[in-house]
Amino acid sequence: MNGHDWLSELTVGHVNALTPYESARRLFAGSGADSKQVWLNANESPFAGEYEVDSSVFNRYPDCQPDTVIKSYAKYSGLESSQTLVTRGADEGIELIIRAFCEAGRDSILICPPTYGMYAISAQTFNVGVERSLLNDDFTLNVRDIIQYVGKVKAVFICSPNNPTGTSVSKEDIVSVLEAFKDQALVVVDEAYIEFDIEQTRSDLLAQYDNLVILRTLSKAFGLAGLRCGFTLASPDIIQTLLKVIAPYPIPAPVAQIASKALASDGITKMQKDVLILKNELVTLRAELSELGDIQVVGDINANFVLFKTPRKSELMAFLVENKMLIRDQSKQIKLDNCLRISIGSPEQNKQLLALIKAFYALGSK
Ligand SMILES: *Cc1c(COP(=O)(O)O)cnc(C)c1O
Numbered sequence: 062m063n064g065h066d067w068l069s070e071l072t073v074g075h076v077n078a079l080t081p082y083e084s085a086r087r088l089f090a091g092s093g094a095d096s097k098q099v100w101l102n103a104n105e106s107p108f109a110g111e112y113e114v115d116s117s118v119f120n121r122y123p124d125c126q127p128d129t130v131i132k133s134y135a136k137y138s139g140l141e142s143s144q145t146l147v148t149r150g151a152d153e154g155i156e157l158i159i160r161a162f163c164e165a166g167r168d169s170i171l172i173c174p175p176t177y178g179m180y181a182i183s184a185q186t187f188n189v190g191v192e193r194s195l196l197n198d199d200f201t202l203n204v205r206d207i208i209q210y211v212g213k214v215k216a217v218f219i220c221s222p223n224n225p226t227g228t229s230v231s232k233e234d235i236v237s238v239l240e241a242f243k244d245q246a247l248v249v250v251d252e253a254y255i256e257f258d259i260e261q262t263r264s265d266l267l268a269q270y271d272n273l274v275i276l277r278t279l280s281k282a283f284g285l286a287g288l289r290c291g292f293t294l295a296s297p298d299i300i301q302t303l304l305k306v307i308a309p310y311p312i313p314a315p316v317a318q319i320a321s322k323a324l325a326s327d328g329i330t331k332m333q334k335d336v337l338i339l340k341n342e343l344v345t346l347r348a349e350l351s352e353l354g355d356i357q358v359v360g361d362i363n364a365n366f367v368l369f370k371t372p373r374k375s376e377l378m379a380f381l382v383e384n385k386m387l388i389r390d391q392s393k394q395i396k397l398d399n400c401l402r403i404s405i406g407s408p409e410q411n412k413q414l415l416a417l418i419k420a421f422y423a424l425g426s427k
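One gets my numbering by counting positions in the sequence shown from 1 and adding 61 to each.
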């Protein structure tokens, strides 16, 4: 097939230039049938819950914004229902913000790399520009640099705790950015990992700043990545604007039923127990890794993954994959040369991983 066939002629210009997102799952697609594989590459929870669904309502279209889900999440986050939107994962929240607030071919967003990849990908999909303000070397925000983009971007995406560095952004820095972009642009704080550092949520700032948007998800601490359920928290006016561009039935009925159960008090208690186990595992794994060979741990402990650096990252990665242990290469990201990321698994999985890494360094020293 040549590059000028009828289909690429027909395809929208900027879409021709895109490549599909290399999700952790897609990178190892086709190898998924192997039950011995250990997946520590997508920051998923190792703990699945048990849920039953009531199929008697499946002949009907679901509500656009299922009431029990909205009410439970509003209660969980200490906000009003009018400040809460439920979406097909936090990823859909990112997309809705870009579609509702950025004009294709004209507007831009600002991202702060190294960070989560979907902000840029979502923007590029809609032909929206992407400006970059790099994090400082200690992964704090470069607030003075960010502020130079006032008037040049429609939304600033800040990830806290940040994927893949595990660092949280200080309240002072978020407030400075909110103040600078007041009446100018949205400041979107992605709190996908906030349950691992709940004290640092900026949801309290919604009362003061009507340009603040917070993204949340059930995919990480709640252990429901397969459910595809996320939340956008913002002023009622922003939520109403996002409702103009959301699909009529974005939340399938079984998803709403399961999300409601996950957000009932039993579900929240289970999640909090899981978080404690994972945080303990994370601190232990980080300490043990830092003792090994040429490994240097990087970033902070505020999420469910460990980032580390080794000059032998390619060999280590290949060795782990060969031994059916899948982690994620982050070394192509700016400021993350030679970095790999491990999502915290179950205590057994983490032991297995550590044993393999030790074996790798034992081989290398012979
Ligand atoms: C995983 C992740 C998301 C996506 O969450 P979904 O609800 O599964 O779409 C959003 N932001 C960050 C930073 C993430 O790591």
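Heads up, the beta-carbon is just placed ideally off N, CA and C, and yes, glycines get one too.
Would you kindly work out how many angstroms separate the C-alpha atoms of Lys-412 and Ser-194, rounded to a whole number? Straight-line Cα distance between these residues: approximately 38 Å.
Helix, strand or coil at Ser-375 [DSSP, three-state]: Correct three-state label for Ser-375: helix.
State the CB to CB distance for the pair Gly-284 and Ala-85, rounded to an integer number of angstroms; the pair is presumed to be in contact (CB under 8 Å). Incorrect: roughly 16 Å between the Cβ atoms, too far for contact.
For ligand 1, is there any heavy atom lying closer than 7 Å to the beta carbon of Cys-125? No; taking the cut-off as 7 Å, the Cβ of Cys-125 has no heavy atom of ligand 1 nearer than that.
From what residue to what residue does the alpha helix (DSSP H) around Lys-370 run? Unbroken run through Lys-370 is the beta strand (DSSP E), 366–370; no alpha helix (DSSP H).
Asp-335, DSSP secondary structure in three states: In the structure shown, Asp-335 sits in a helix (DSSP, three-state: H, G or I).
Pick from Pro-174, Tyr-180, Asp-168: whose alpha carbon is nearest that of Tyr-82? Residue Tyr-180 is the option with its Cα nearest to Tyr-82.
Less than 8 Å between the C-beta atoms of Gly-139 and Thr-148, yes or no? Result no, Cβ atoms of Gly-139 and Thr-148 do not sit closer than 8 Å.
Is Asp-251 near ligand 3, going by C-beta to nearest heavy atom under 7 Å? In the structure on display, ligand 3 does not appear, and the ligands it does have are ligand 1.
C-beta contact flag for Ser-296 and Pro-107 at 8 Å: No, they are not a contact pair.
For Arg-121, which three-state DSSP category applies? Coil.
Taking Cβ to Cβ, would you say Cys-163 is nearer than 8 Å to Tyr-310? With respect to the 8 Å criterion, Cys-163 and Tyr-310 are not classified as neighbours on the basis of their beta carbons.
Should the stretch 195–209 be called in touch with the stretch 230–249, which here means at least 3 C-beta pairs below 8 Å? Touching, per the Cβ criterion.
Give the range of the beta strand (DSSP E) segment to which Glu-192 is assigned. Counting along the chain, the unbroken beta strand (DSSP E) around Glu-192 starts and ends at 190–193.
So Leu-346 packs on Val-367, CB below 8 Å; how close in whole Å? Sure, about 6 Å apart at Cβ, within 8 Å.
Member of Lys-215, Leu-339, Leu-88, Thr-129 whose CA lies at the smallest distance from the CA of Leu-324: Of Lys-215, Leu-339, Leu-88, Thr-129, the residue nearest in Cα terms is Thr-129.
Simplified DSSP state of Ala-161, which is helix, strand or coil: In this structure, Ala-161 counts as helix in the three-state DSSP scheme.
Give me the residue from Phe-187, Thr-145, Ile-158, Asp-355 with the minimum Cα distance to Val-217. The candidate whose alpha carbon is nearest that of Val-217 is Ile-158.
With DSSP run on the structure shown, which of helix, strand or coil describes Lys-427? Per-residue confidence for Lys-427 stands at a pLDDT of 48, beneath the threshold of 50, marking its modelled position as unreliable; the derived number appears in the next sentence. The three-state secondary structure of Lys-427, taken from DSSP, is coil.
Anyone know if the C-beta pair for Asn-102 and Leu-424 falls short of 8 Å? Not a contact, by the Cβ cut-off of 8 Å.
Limits of the unbroken alpha helix (DSSP H) element including Ile-275: Element bounds for Ile-275: not the alpha helix (DSSP H) but the beta strand (DSSP E), 273–278.
Quick check on the DSSP output: the beta strand (DSSP E) that includes Leu-285 runs from which residue to which? First-last for Leu-285: undefined, no H or E at that position.
Quick one, which of Asp-168, Val-382, Arg-389 has its alpha-carbon nearest Lys-97's? Distances from the alpha-carbon of Lys-97 to those of Asp-168, Val-382, Arg-389 put Val-382 closest.
Extent of the continuous beta strand (DSSP E) run through Val-211: Segment: none, Val-211 is in no beta strand (DSSP E) and carries neither H nor E.
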